[in-house]
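The sequence shown begins at 399 in this note's numbering and counts up one residue at a time.
For every residue, glycine included, the Cβ atom is placed at its ideal position computed from N, Cα and C.
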Amino acid sequence: MPQSARSLEIGVGSGKFAVPLGIQYGVDPSPRMIHIALRRGIQAVYGVAEKLPFRDSCFDLVLMVTTICFLDDAISAFREIYRILSPGGSFITGFIDKNTPLGRVYQEKKMHNVFYQLATFYSVEEVVSLLKDTGFEDFHFNQTILSDLSDIKDPEPVMRGYGKGAFVVIRTIKP
399 MPQSARSLEI GVGSGKFAVP LGIQYGVDPS PRMIHIALRR GIQAVYGVAE
449 KLPFRDSCFD LVLMVTTICF LDDAISAFRE IYRILSPGGS FITGFIDKNT
499 PLGRVYQEKK MHNVFYQLAT FYSVEEVVSL LKDTGFEDFH FNQTILSDLS
549 DIKDPEPVMR GYGKGAFVVI RTIKP
């Protein structure tokens, strides 16, 4: 994680990631989740990624974990993230790569699972293309979940790159 003076998690939920990562601000479309995040010390507000309630260039770091698949419009969300990031700011997104065995399992669940019915799963290449179309540059990749979920007993290693792990993290920069 890059050091940042002002950081935001989009889809902050309960603050499960924001709190241990030291992220100060959060935005979420669920009033119930905002309430939990506020109790955990996150300055959380109501909002959606496609129309963020923040001024231009006000954050040094934006994090979005497992949220991309639930966006109504990923390119609009990425444009908003680009807008609120200061020049040189980092955007970090983590998601399940649809081109992995676990990604295919999640896609199959869409038909039978209320939670996943509205989800749109992406490949790494699709996310990178959207990010490039938005103006982001300088991409760095890490991956984990290298085994079948039922076989994982201990935390899995994190490896550079993508293509082997189901969970991929992309860090990119606003030039």
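Q: Spell out a yes or no on whether the stretch 431 to 444 and the stretch 464 to 479 are touching, meaning 3 or more CB-CB pairs, one atom from each, closer than 8 angstroms.
A: no
Q | residue 486 (DSSP reduced to helix, strand or coil) | A | Your numbering for residue 486 matches position 88 in the sequence shown. Strand at residue 486.
Q) Mind checking whether residue 447 and residue 411 have CB atoms under 8 angstroms apart? A) For the purposes of this step, residue 447 is taken as the residue at position 49 of the sequence shown. For the purposes of this step, residue 411 is taken as the residue at position 13 of the sequence shown. No. Outside cutoff.
Q) From this set, 472, 499 and 488, which residue's C-alpha is nearest residue 404's C-alpha? A) By 1-based counting over the sequence shown, the position of residue 404 is 6. Measuring from the Cα of residue 404, the nearest candidate turns out to be 488.
Q: Please check the pair residue 400 and residue 450, which I expect to be a contact at CB under 8 angstroms, by giving their CB distance rounded to whole angstroms.
A: Residue 400 sits at position 2 when you count from the first residue of the sequence shown. Residue 450 sits at position 52 when you count from the first residue of the sequence shown. Contact doesn't hold; Cβ gap of about 20 angstroms is too wide.
Q. Rounded to the nearest angstrom, how far is the Cβ of residue 461 from that of residue 419, given a contact under 8 angstroms?
A. Here the question's residue 461 lines up with position 63 in the sequence shown. Here the question's residue 419 lines up with position 21 in the sequence shown. Yes, residue 461 and residue 419 are in contact; Cβ-Cβ is about 7 angstroms, under 8 angstroms.
Q. Just curious, the alpha helix (DSSP H) that residue 416 is in, first and last residue?
A. Translated into the one-based positions of the sequence shown, residue 416 becomes position 18. Taken as a continuous stretch (DSSP letters only), the alpha helix (DSSP H) holding residue 416 covers 416 to 419.
Q) If you draw a straight line from the alpha carbon of residue 483 to that of residue 494, how long is it in whole angstroms? A) For the purposes of this step, residue 483 is taken as residue 85 along the sequence shown, with counting starting at 1. For the purposes of this step, residue 494 is taken as residue 96 along the sequence shown, with counting starting at 1. Between residue 483 and residue 494, the C-alpha separation is close to 24 angstroms.
Q. Could you give the C-beta distance for residue 537 and residue 492, rounded to a whole number, given that I count them as a contact under 8 angstroms?
A. The residue given as residue 537 occupies position 139 in the sequence shown. The residue given as residue 492 occupies position 94 in the sequence shown. About 14 angstroms separates the two Cβ atoms, so there is no contact after all.
Q. Is the CB of residue 466 under 8 angstroms away from at least one CB in chain C?
A. Here there is only one protein chain, and chain C is not present.
Q) Considering only the beta carbon of each residue, do residue 524 and residue 542 sit closer than 8 angstroms? A) One-based indexing of the sequence shown puts residue 524 at position 126. One-based indexing of the sequence shown puts residue 542 at position 144. No, the pair does not count as a contact, with Cβ atoms beyond the cut-off.
Q | Nearest to residue 569 (by Cα), restricted to the options 557, 540 and 563 | A | Taking the first residue of the sequence shown as position 1, residue 569 is located at position 171. Taking only the C-alpha atoms, the option nearest residue 569 is 540.
Q.
Would residue 532 and residue 571 qualify as a contact pair, given that the criterion is a beta-carbon distance under 8 angstroms?
A. The residue labelled residue 532 in the question sits at position 134 within the sequence shown. The residue labelled residue 571 in the question sits at position 173 within the sequence shown. No, the pair does not count as a contact, with Cβ atoms beyond the cut-off.
Q) Between residue 522 and residue 408, what straight-line distance do the alpha-carbon atoms span, to the nearest angstrom? A) In the sequence shown, counting from the first residue as 1, residue 522 sits at position 124. In the sequence shown, counting from the first residue as 1, residue 408 sits at position 10. About 19 angstroms.
Q) Cα separation between residue 452 and residue 548? A) Here residue 452 refers to the residue found at position 54 of the sequence shown. Here residue 548 refers to the residue found at position 150 of the sequence shown. If you take the alpha carbons of residue 452 and residue 548, they lie about 41 angstroms apart.
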